[in-house]
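Asks:
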Amino acid sequence: MSEPDHGAPRGMPAELERALAAEVSLRSRMRYVAVGLAGGCAAGLIAVLWATEPRALPVRTQAVFAGLIAVGLAWAAVAAWALTRRRPLYAQDQVVGARLALVVSAVTGIVGTVLAAARGTTTAVLTTAAVGTVLTAIAGLLLARARSRRRELLRLRDVLRGGGA
């Protein structure tokens, strides 16, 4: 049985071979199946809850439901995109996921803080702002790490192709 073609040249360094094998592994693909199912199911559940309400929900609640549905569908779309690729993405999937996490955490932190300021106490505002800041910082660090990994994989690929040093 022959080795699968990961889109990299024969005789590649072991480091790149391991990285590419991990990208197309069953474990990696199953993670995306789980992410896609979680996002799609969450969006579907919220949509069903919204649609089956006997009376119209307040506008703020409708906006939050719409936002949560959009986030669930975005994660499902990222998973579908990654699963339909037949070649290694050289960590582009990690960059896309980290960008989505950064946007969602920043928007959630800002909206939560604004809502806490409009309806809560100073403690609620500070707590919400702190949690939003921490989550956004973590997502930012994950994005920086994903970009770094992508740059390194692309550099190794280019060196193998004779296009870089």
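FYI, the numbering for the sequence shown is 38 to 202, going by our numbering.
Where a beta carbon is used, it is the ideal one built from N, C-alpha and C, also for glycine.
#1: Say whether the segment 115 to 124 touches the segment 90 to 104, bearing in mind that this needs 3 or more beta-carbon pairs closer than 8 Å, one atom from each stretch.
#2: When you compare only the Cα positions, how much space is there between R64 and T89?
#3: Starting from E189, follow the alpha helix (DSSP H) in both directions and report where the run begins and ends.
#4: Would you verify that the beta carbon of P91 is, or is not, closer than 9 Å to some beta carbon of chain D?
#5: As a quick exercise: from L53, A154, R186 and D195, pick the residue whose alpha carbon is nearest that of Q129.
#6: Comparing C-alpha positions only, which one of T159, T170, A155 and P125 sits nearest to A138?
#7: From G234 to R192, what distance separates their C-alpha atoms?
#8: Can you give the Cα-Cα distance for V122 and A58, rounded to whole angstroms?
#9: Near E52, what residues of its chain come up, given a Cβ to Cβ distance below 6 Å and the 5 sequence neighbours on each side ignored?
#10: Looking at A80 and L110, is the spacing between their C-beta atoms short of 9 Å?
#11: Does DSSP put L57 in a helix, in a strand, or in coil?
#12: Taking the C-alpha atoms as reference points, what is the distance between A174 and P91?
#13: Taking the Cβ atom as the reference point for each residue, do R184 and V141 lie within a distance shorter than 9 Å?
#14: State the CB to CB distance for the pair Y127 and L179, rounded to an integer number of angstroms; the pair is presumed to be in contact (CB under 8 Å).
#15: Below 8 Å on the Cβ atoms is my guess for V162 versus T145; work out the distance and round it to an integer in Å.
Replies: The relevant details are as follows:
#1: Counting Cβ pairs under 8 Å, fewer than three are found: no touch.
#2: In a straight line, the C-alpha of R64 is about 37 Å away from that of T89.
#3: It spans T159 to R198 - the alpha helix (DSSP H) in which E189 sits, taken as one unbroken run.
#4: Of the protein chains in this structure there is only one, and it is not chain D.
#5: Residue R186 is the option with its Cα nearest to Q129.
#6: Considering only alpha carbons, the answer is T170.
#7: As shown, the chain starts at 38 and ends at 202. That puts residue 234 outside it, with no answer to give.
#8: The amino acid occupying residue 122 in the given sequence is Arg; Val does not appear at that position. R122 and A58 have their alpha carbons spaced roughly 14 Å apart.
#9: Excluding residues within five positions, none has a Cβ falling inside 6 Å.
#10: Pairing L110 with A80 gives a Cβ-Cβ distance under 9 Å.
#11: DSSP places L57 in the helix class (H, G or I) of the three-state scheme.
#12: Per the coordinates, the alpha-carbon of A174 lies some 40 Å from the alpha-carbon of P91.
#13: No, these two residues do not count as a Cβ contact at 9 Å.
#14: About 17 Å separates the two Cβ atoms, so there is no contact after all.
#15: Actually they are not in contact, since the Cβ atoms of V162 and T145 sit about 15 Å apart, beyond 8 Å.
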